[in-house]
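There are 2 protein chains.
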Amino acid sequence: MTTPHHPPSSPTRPHQAMGAGGEFDTIRMLMSRWGDLAADIGDDAAVLSPITSGVRVVSTDACVEGVHFRREWIAPYDVGVRAAAAALSDLAAMGAAAEYVLVAFVVPDGWRTALGAVADGIGAQVRRAGARIVGGNLSRGAAFGITLTVIGTAARAVSRAGAQVGDVVVVTGLLGGPGAALAAWESGVEPTGWAHERFVHPSPRLAEGALLAAAGASAMLDISDGLAADARHIAAASGVDLVIDDTRLPLGEGITAQNALRSGEEYELLATMAPSAYEALACAWPAGGVSLTVIGVVGPIGAAHRSGQGAVSPGHDHFRENS
Amino acid sequence: MTTPHHPPSSPTRPHQAMGAGGEFDTIRMLMSRWGDLAADIGDDAAVLSPITSGVRVVSTDACVEGVHFRREWIAPYDVGVRAAAAALSDLAAMGAAAEYVLVAFVVPDGWRTALGAVADGIGAQVRRAGARIVGGNLSRGAAFGITLTVIGTAARAVSRAGAQVGDVVVVTGLLGGPGAALAAWESGVEPTGWAHERFVHPSPRLAEGALLAAAGASAMLDISDGLAADARHIAAASGVDLVIDDTRLPLGEGITAQNALRSGEEYELLATMAPSAYEALACAWPAGGVSLTVIGVVGPIGAAHRSGQGAVSPGHDHFRENS
């Protein structure tokens, strides 16, 4: 949130729509709402504190109106909550703790009065994650969009490529909520409580990702494309098959296994690990919080076909025709 | 460029417009064009190499169609060149060397065939800067946009807040080109060669920024809002006045001082430094390349008023009514 763009005159008349004063006023409004979360903003780039152990990781993620949500579905505050959850989830998937967030807004005129509430939603997630907002960008544009860059530190960064034959496949939380919420909206009815809440207020699984990484997870990612598709990502990157037992999927209320396999933007974590590592982790896993469920095993390429199960997810595209 | 968004069905029918296969095909196309510039992409977040000295700095910058450029003005390749230059310029302004770039695209259907050329333009700048592309995001959306996050390392990060009374004010390069190009387009004529080139192919002043930082620049930023406005940023952050002598501005061909003071998106560097530091730097400054010009001095607050010059730039808003 350094120098905002002072765009040249353009077809949308930027100087009139959001001139120099207006842009700085907007930035001051954002700074005021974020308070100590964004205390040190002001230079062309933000200086990161040195780290003494582990590795720095970075990811960027965009949330665009009309693509990732419809305005009539969720309130501006929740737009911010979701955008930040999606970005922070990428750090969780690496086993990293969140440190820094940069927030680039594209703001049509019709969203200007809602921007403060969006910022509050982002701020709530950033605060919960223990991170700070250290930079950003403000631009006008035809469609509302937020591009968040997140930076964190991992004691050990977990990639997608380390799944080993014999590992178990685990997933956090209950699946299917976001898919059910979307299906409800698209059939013209308001989603039910649990599914609605899962769509509107996803939680990045930062603590769980750190536990999985510390326990020795061999591969990990967050479920953004749907369990089936994301399991394929691990399988392809690791050169193995993931054999998912669809009777073991942790389903949300009223969710079928097939729906859970395809429900995207879950922001739960999917990981593989040695059985012994899982056993140790299961004992240490916090009771009463987010669940951790074994849903399958890692086999050699071809294992998924041989298993004869319907809900397998190998390096092939069993779901391509439907996904 | 990890997992692309698989957005839910939406008003713009994402699954039909750019479905799972199409998104991954697009990512493969981008990877192919970027080649070794983007070799290690694939996880939820990118792991940064540790640094052994200096500090890591990060910035994010957006370029939106209809706000920062009109499509009829510049070719897709040049859209990429400009977007990357603008982002990398923020590292130059800190005195940092560029290391990593993350590229988040929002792509309307009408831009899909142009995306490869945009990527080539970004790639050319990233290669020239000696950086690598380590992540990104791909989304559909109503207006084309690029949000670039850049990460670099500075031996000594130069903020805006260090200008000292008695310092000289220096600027790199020749001013006024982008403003002249915009004025030409907006009056319906094609800009002239030099001004057009400056708008279409700005160069981030990374080498110059590093030289200025090493020479002891006390404050620095890149000129994105126009020299007058950006000088005010340094003045306000440092608690001083910058007294600019408008007869000393390094003007491009056919540019007046008043135009140069207001020309934005120059991506030249504006810095302050002790006179002795400037003298040493001037001797070491590479001949035949980008110029370095003293254009003023730093005075106490109020100095700009007392100087009686028209083109001063204090912590006040002399240019507010026009900017």
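Just so you know, the protein sequences line up as chains E and X, in that order.
Residues 1 to 323 (the UniProt record's numbering) are what the first sequence spells out, left to right.
Residues 1 to 323 (the UniProt record's numbering) are what the second sequence spells out, left to right.
No residue lacks a Cβ here, since even glycine has one placed at the ideal position from N, Cα and C.
Computed from a predicted model, the values in this text were never measured in an experiment.
How about residue i: is its C-beta nearer than 8 Å to some C-beta of chain E?
i                      : result
residue 325 of chain X : Within the shown structure, residues of chain X are numbered from 1 to 323, placing residue 325 of chain X beyond reach of any answer.
X:ARG140               : yes
X:VAL298               : no
X:GLY216               : no
X:VAL312               : The pLDDT assigned to X:VAL312 is 47, lower than 50, so where the model puts this residue is not dependable; a value taken from the coordinates is nonetheless given after this. Chain E, which has no Cβ nearer than 8 Å to the Cβ of X:VAL312, makes this no.
X:VAL166               : Reading the sequence as shown, one finds Gly at residue 166 of chain X and not Val. Not an interface residue.
X:ALA93                : yes
X:LEU211               : no
X:GLY145               : yes
X:LEU102               : yes
X:ALA237               : yes
X:VAL67                : yes
X:GLY177               : no
X:LEU115               : no
X:VAL106               : yes
X:ASP44                : yes
For residue i versus residue j, is the C-beta distance shorter than 8 Å?
i        : j        : result
X:PHE199 : X:GLY177 : yes
E:ASP120 : E:GLY80  : yes
X:ASP246 : X:LEU269 : no
X:ALA213 : X:ALA274 : no
E:TRP194 : E:GLY123 : no
X:LEU115 : X:VAL103 : no
E:VAL170 : E:VAL294 : yes
E:ALA184 : E:VAL243 : no
E:THR153 : E:ALA97  : yes
X:LEU148 : X:ALA219 : no
E:GLY145 : X:GLY252 : no
X:ASP61  : X:ASP90  : yes
X:VAL101 : X:VAL126 : yes
X:ALA215 : X:ALA157 : no
E:ILE151 : E:VAL58  : yes
E:HIS233 : E:LEU221 : yes
Could you confirm whether any beta carbon from chain X is found closer than 8 Å to the beta carbon of residue i?
i                      : result
E:ARG160               : yes
residue 330 of chain E : Here chain E has residues from 1 to 323 only, and residue 330 of chain E is not among them.
E:SER59                : yes
E:ALA303               : no
E:LEU174               : no
E:ASN259               : no
E:LEU37                : no
E:LEU270               : no
E:VAL47                : yes
E:ALA155               : no
E:ALA96                : yes
E:VAL64                : yes
E:ASP90                : yes
E:VAL79                : no
E:ASP40                : no
What are the boundary residues of the alpha helix (DSSP H) that residue i is part of?
i        : result
X:GLU65  : Looking at the DSSP string, X:GLU65 is not in any alpha helix (DSSP H), and its letter there is neither H nor E.
X:GLY121 : 115-129
X:SER89  : 76-92
X:GLY179 : 177-186
X:VAL200 : 193-200
X:GLY264 : Where X:GLY264 is concerned, there is no enclosing alpha helix (DSSP H), given that its DSSP letter is neither H nor E.
E:ALA72  : It is worth fixing the name first, because residue 72 of chain E is Glu in this sequence and not Ala. No alpha helix (DSSP H) holds E:GLU72; DSSP gives it neither H nor E.
E:GLY42  : Segment: none, E:GLY42 is in no alpha helix (DSSP H) and carries neither H nor E.
E:GLY35  : First-last for E:GLY35: undefined, no H or E at that position.
X:GLY226 : Note, X:GLY226: premise wrong, no alpha helix (DSSP H); not H, not E.
E:GLU190 : Premise fails: E:GLU190 is in no alpha helix (DSSP H) and is neither H nor E.
E:ALA210 : 206-214
What residue range is occupied by the uninterrupted beta strand (DSSP E) comprising residue i?
i        : result
X:LEU251 : Note, X:LEU251: premise wrong, no beta strand (DSSP E); not H, not E.
E:VAL165 : Run containing E:VAL165: none; DSSP gives neither H nor E here.
Determine which residues share a DSSP beta bridge with residue i and list them.
i        : result
E:THR172 : E:LEU292
E:GLY145 : E:VAL64, E:VAL106
X:MET220 : X:ALA271
X:ASP241 : X:GLY299
X:GLY136 : X:VAL103
E:SER59  : E:VAL150
X:VAL47  : E:VAL57
X:ALA97  : X:THR153
Would you say residue i reaches chain C, if we count a Cβ-Cβ gap shorter than 8 Å as a contact?
i        : result
X:PRO250 : In the structure shown, chain C does not exist; the protein chains are E and X.
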